[in-house]
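Here is the structure we will look at, set down as structure tokens.
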Amino acid sequence: MGIKIKYLDGARLKRSIIASACHVGTKQNELDRINVFPVADGDTGTNMVATLNTIATGAQNCRDTSLENVSNVIAESALEGARGNSGTILAQFFQGLAEYTRGNHRLSTGGFAQAAAKAVEKAKNALANPVEGTILTVMKDWASHLTDHSSATHDFVELLKDSLSRAKKSLADTPNKLRVLKKAGVVDAGAQGFVHMLEGVVEFMESGKIAALSTTAKVADRVRHFRLPKIRQNLAFTFCAECLVEGRHIDTEKIKSELAELGDSLIVVGSPQKIRIHIHTNEPDRIFAVASRHGNLRRRKVEDMKKQHENPDRSDLPGRIALVTDSTCDLPEEMFERLNVYMVPVLVQVGHKSLLDRQELPIDEFYSLLKNSTERLTTSQPPPSSFKALYNRLGENHDAVLSLHISGKLSGTFNGARMAASEFSGRTPIEVIDTKTTSAALGLVVAETARLIKENTDHGEILAKVKSMIENVRIFVAVPTLKYIIRSGRLTKSKGLLANLFNIRPVITLDSQGGATDAARVFGRRNVIRKTLELACRFASTSKSPRFSVVHVQAPELAALFRNHLAKRFHADNIFITDASPALGLHVGIGSAAIAVLADY
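Heads up: the sequence shown begins at 2 in this note's numbering, then just goes up one per residue.
This is the structure we're talking about:
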């Protein structure tokens, strides 16, 4: 006769949550591949695993194992770590569970059934427009089974096993309730993830054992090359926007009504002190502006769903080398898309706000702040978790990942990427390379590497050529004013005062180790422009077929002057001009422009 469990306490809830996270972790790839609703962007598994891992970590670190405390920690962790549509719904479910178990030391089957039913209702109410055939439907059917049958048994194992069977039947019926699922021949991915959570709990309660918290190689290999046909959708909204809002007496219903007309798939979950917002919209900036009226914003995230959905040449293309860089890489926006380059945004600090470069803070808006704002502006490296999430997704469908980044002498981005890549040892080969450069020069290296990948160049040969490119690329930055270099702290006020007194202006470059240095110092703005061109042309003259790019900081006329001179002298007709990233522009300032040269390698 199997073990019977008559009550649920904090310790059992804690272990059950960890078990569910472990089990769902083995199903991540499968869930990503069947994700077609509300958008076929292939990230339901990734988001659900990220959400549950945050919850499991919070539970694992919880020392006070009273039921009330464990429930509160789980709810708080869920709110902090919620990702995506299903993850946000789960966060509200756990908020409800914590609310309705408050004051209890342990729960009977009947008490748990009541709490679960109320928690599901709370999750449903968080959605502006609940849709049948999704995770909510399965949660509701599961909770109904609990309430209908909890009086017949005092054994959690029996009750949860039976309710799992009901959840599986509900899951199998989701294609009959949602046309897009039937068309794709799949069940709802979020609902499937919830069923996997229940499987993990039941398996733990039956055996008392928790599986390892990682996807095994066998599971990954089984699903690696399984692909669904691409489901084409006409998306009404481009962006998936998420954020946390912290404050006092936050009115979730008021926020829902204010945001309802700005998009769909709106979910507002949390407590009067902290809420999480998830919405599909065309105006993420307006979403954040509305949210900020209700409290302090944290963890803002914006994803382009159309890019995720409409790009069959990117993350769902198996057998290719995936190319990754960071947002200090200056290329025209359309080139990232055309060359299949994945970009991890650096963080831009505006006062006390931390924003994602290019995603939450467009370049033109950044330079407007640089020019007019009194708030302190800085940049910082992306967290390793950003790289880890991307590497994990790319590893599902690529044989290797090549990650090229800003000089390690200028930023910790390279080390963060390398740290994330180390966790994939024995799985997808990930080569993280310090290019010892940045901005337009990094853009040239990335663009040329993308061309080699597109031409099916051997992986080893690509690595060798990248290393050769790094030795043969240069950048020369014309700095017409010292104001911003002084403000950034790269030049002391005393030295800046002396340089301004004599009207000295630098041309900045990077040395062989990737450190910033002066290539020349000249008198006056006109001479700094002339010297920048002279240095770039001198280096380019050592090559038969040099490649060029030009970037600028609100200085399009100077950029055009540079391009026209280079095009005429070297008969080059493919020199692109683009805005300099904040990582460069913040330090060299408004009015600066740079020339990058890639010599023969």
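Backbone N, C-alpha and C fix where the C-beta goes; we use that ideal spot for every residue, glycine too.
Asked                                                                                                          : Found
Outcome for His-572 when other beta-carbon atoms lying within 10 angstroms are tallied against a minimum of 16 : exposed
Completely contained alpha helix (DSSP H) runs for the region 78-146, where each covers 4 or more residues     : 85-102 and 110-126
Nearest-angstrom Cβ-Cβ length linking Val-433 and Ser-404, presumed shorter than 8 Å                           : 5 Å
Range of the contiguous alpha helix (DSSP H) that encloses Lys-354                                             : Premise fails: Lys-354 lies in the beta strand (DSSP E), 354-357, not in any alpha helix (DSSP H).
Beta-bridge partners of Glu-304, as assigned by DSSP                                                           : Cys-241
Buried or exposed (CB count within 10 angstroms, at least 16 for buried), Thr-55                               : buried
Cβ contact check for the region 415-435 and the region 292-310: 3 or more pairs under 8 Å                      : no
Distance CB(Ala-129)-CB(Leu-260) smaller than 9 Å                                                              : yes
Helix, strand or coil at Asn-297 according to DSSP, with G and I counted as helix                              : strand
Burial state of Arg-84, where buried means 16 or more other Cβ atoms lie within 10 Å                           : buried
Opening and closing residue of the alpha helix (DSSP H) in which Leu-445 lies                                  : 440-455
Contact under 9 Å by Cβ, Phe-195 with Val-270                                                                  : no
Rounded C-alpha distance that separates Gly-586 from Val-554                                                   : 6 Å
Assigned secondary structure, Ser-381 (DSSP; H/G/I helix, E/B strand, else coil)                               : strand
Rounded C-alpha distance that separates Glu-254 from Asp-305                                                   : 27 Å
Close Cβ partners of Phe-367 (< 7 Å) along its chain, the five nearest in sequence each way excluded           : Val-349 and Pro-583
Rounded straight-line distance, which links the Cα of Leu-599 to that of Ala-213                               : Summary for Ala-213: the model assigns pLDDT 43, below 50, so the residue's position carries little reliability; its value from the coordinates is reported in the next sentence. Cα to Cα, the separation comes out at about 47 Å.
Rounded distance between the beta-carbons of Asn-297 and Glu-1, thought under 8 Å                              : This structure does not reach residue 1, given that the chain is present from 2 up to 602, and the question cannot be answered.
The beta strand (DSSP E) enclosing Leu-324, as first and last residue numbers                                  : 321-327
Beta-carbon gap between His-295 and Ile-276 smaller than 9 Å                                                   : yes
DSSP beta-bridge partners of Ala-594                                                                           : Ala-479 and His-553
Coarse secondary structure for Arg-64, derived from DSSP in three states                                       : coil
Integer-rounded CB distance, given that Val-342 should sit under 8 Å from Thr-326                              : 6 Å
Expected contact under 8 Å - CB spacing of Arg-526 and Arg-506 to nearest Å                                    : 6 Å
Span of the beta strand (DSSP E) around Pro-507                                                                : 505-511
Delimiting residues of the beta strand (DSSP E) encompassing Arg-1                                             : Only positions 2 to 602 of the chain appear in this structure, which leaves residue 1 out of reach.
Ala-517, DSSP secondary structure in three states                                                              : strand
Meets three-Cβ-pair contact criterion under 8 Å: the region 101-108 and the region 65-76                       : yes
Cα-Cα separation between Ala-541 and Leu-445, rounded to whole angstroms                                       : 14 Å
Inter-residue Cα distance where the pair is Val-551 and Leu-356                                                : 26 Å
CB contact flag (Val-121, Phe-157, <9 Å)                                                                       : no
Residues that DSSP places opposite Ala-401 in a beta bridge                                                    : Ile-322
Cβ distance (whole Å) where Thr-439 is taken to contact Leu-411 below 8 Å                                      : 6 Å
8 Å CB neighbourhood of Thr-175 in its chain, flanking five on each side removed                               : Gly-134, Thr-135, Thr-138, Val-139, Leu-182, Val-188, Asp-189 and Ala-192
Those residues which DSSP pairs with Gln-350 across a bridge                                                   : Ser-355 and Thr-379
Inter-residue spacing [alpha-carbon to alpha-carbon] between Ile-591 and Asp-365                               : 11 Å
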